[in-house]
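Input: a single structure, listed below in structure tokens.
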Amino acid sequence: MDNKLKGKLLCLLLLFAISTISMWLIFKISGEEKPKVFVVLKDLDSQYWNIIKAGAEKGFRDFELDGKVVAPSYKSKKDVQEYMLENIFNENPDVLIVAPEEASLPILDKYAEKNIPVLFVDTDYSWNNKTIFIGTNNYELGIKGGMLGSEL
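Residue numbers are given in the working numbering: position 27 of the sequence shown equals residue 56, and the series is strictly consecutive.
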């Protein structure tokens with residue numbers, strides 16, 4: 030794995046951990062037991078997504094969260110993510126963390142209507158109800174990388 034990808038993953042996992050801790054503290058203070066957290070990734074066929082899955086599962090264990098990581102298979106991800114989000118919604122999650130596909134955005138409105146926090150990971154879209162985006166702005170990263178490269 031190259032250093033750029035390692036750096037991006039480290040930053041992503043750090044932000045994910047901070048977000049998970051924040052959610053856990055909010056629920057702990059409110060006195061509710063084990064919040065139900067779902068993480069919906071784009072696939073689990075690559076090292077990138079498996080690292081994120083491992084970090085999420087560690088967070089679930091460390092902070093005693095009732096959590097589950099799911100992802101469609103690589104070949105069927107576009108249609109299956111929408112179906113997964115519908116099924117998860119019916120399980121009444123407390124928090125949803127999702128690497129969204131654009132086609133899935135309308136389904137996320139249901140989560141917003143029930144005041145379920147929705148965190149975007151890896152992929153950001155202009156959706157007014159997202160709680161936070163956890164990831165890298167690749168455009169800004171490219172500009173900074175170009176500036177650093179020009180100094181060499």
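Ideal Cβ positions, reconstructed from N, Cα and C, are used throughout, including at glycine.
Small disclaimer: the values here were computed from a predicted structure and weren't measured.
Worksheet item: Which residue or residues does DSSP assign as beta-bridge partners of residue 151?
Response: None, per the DSSP bridge assignment.
Worksheet item: Is the CB-CB distance between residue 151 and residue 128 below 8 Å?
Response: The answer is yes: Cβ separation under 8 Å.
Worksheet item: Along the chain, where does the alpha helix (DSSP H) that runs through residue 1 open and close?
Response: The structure shown does not extend to residue 1, since the chain is modelled only from 30 to 181, so the question has no answer here.
Item to complete: Report the three-state DSSP secondary structure of residue 92 (helix, strand or coil).
Response: In this structure, DSSP gives residue 92 a state outside helix and strand, which the three-state scheme calls coil.
Discussion item. I'd like to know if the segment 113–120 and the segment 132–147 are in contact, where contact means that at least 3 CB-CB pairs between them fall below 8 Å.
Written reply: Contact holds: three or more Cβ-Cβ distances are below 8 Å.
Item to complete: Compute the Euclidean distance between the alpha carbons of residue 117 and residue 178, then round it to the nearest angstrom.
Response: Rounded to whole angstroms, the separation of the alpha carbons of residue 178 and residue 117 is 44 Å.
Item to complete: Using 10 angstroms around the beta-carbon of residue 172, count the other beta-carbons present and answer buried if the total reaches 16, otherwise exposed.
Response: Residue 172 is exposed by the Cβ-count criterion.
Discussion item. Measuring only the C-alpha atoms, how far is residue 126 from residue 170?
Written reply: Near 23 Å, if we compare the C-alpha coordinates of residue 170 and residue 126.
Discussion item. Rounded to whole angstroms, what is the Cα-Cα separation between residue 62 and residue 70?
Written reply: Their backbone Cα atoms lie some 25 Å apart in a straight line.
Worksheet item: Would the beta-carbon of residue 66 fall within 8 Å of that of residue 108?
Response: No, these two residues do not count as a Cβ contact at 8 Å.
Fill in: Close beta carbons around residue 82, own chain, < 7 Å, minus the five adjacent residues each side
The answer, listed in chain order, is 70, 73 and 98.
Item to complete: Counting only the same chain and skipping the five closest in sequence on each side, list residues whose C-beta sits under 6 Å from that of residue 159.
Response: Taken in chain order, the residues that qualify are 147 and 149.
Discussion item. Quick check on residue 140: buried or exposed, where buried means 16 or more other Cβ atoms within 10 Å of its Cβ?
Written reply: The residue in question, residue 140, is buried, as its Cβ has 16 or more Cβ neighbours within 10 Å.
Discussion item. By the DSSP assignment, the alpha helix (DSSP H) with residue 145 in it spans what residues?
Written reply: Careful: residue 145 lies outside any alpha helix (DSSP H) and carries neither H nor E.
Worksheet item: Is residue 175 buried or exposed, if buried means 16 or more other CB atoms sit within 10 Å of its CB?
Response: With fewer than 16 Cβ atoms within 10 Å of its Cβ, residue 175 is classed as exposed.
Worksheet item: Nearest CA to the CA of residue 75: which residue from 164, 100 and 162?
Response: The candidate whose alpha carbon is nearest that of residue 75 is 100.
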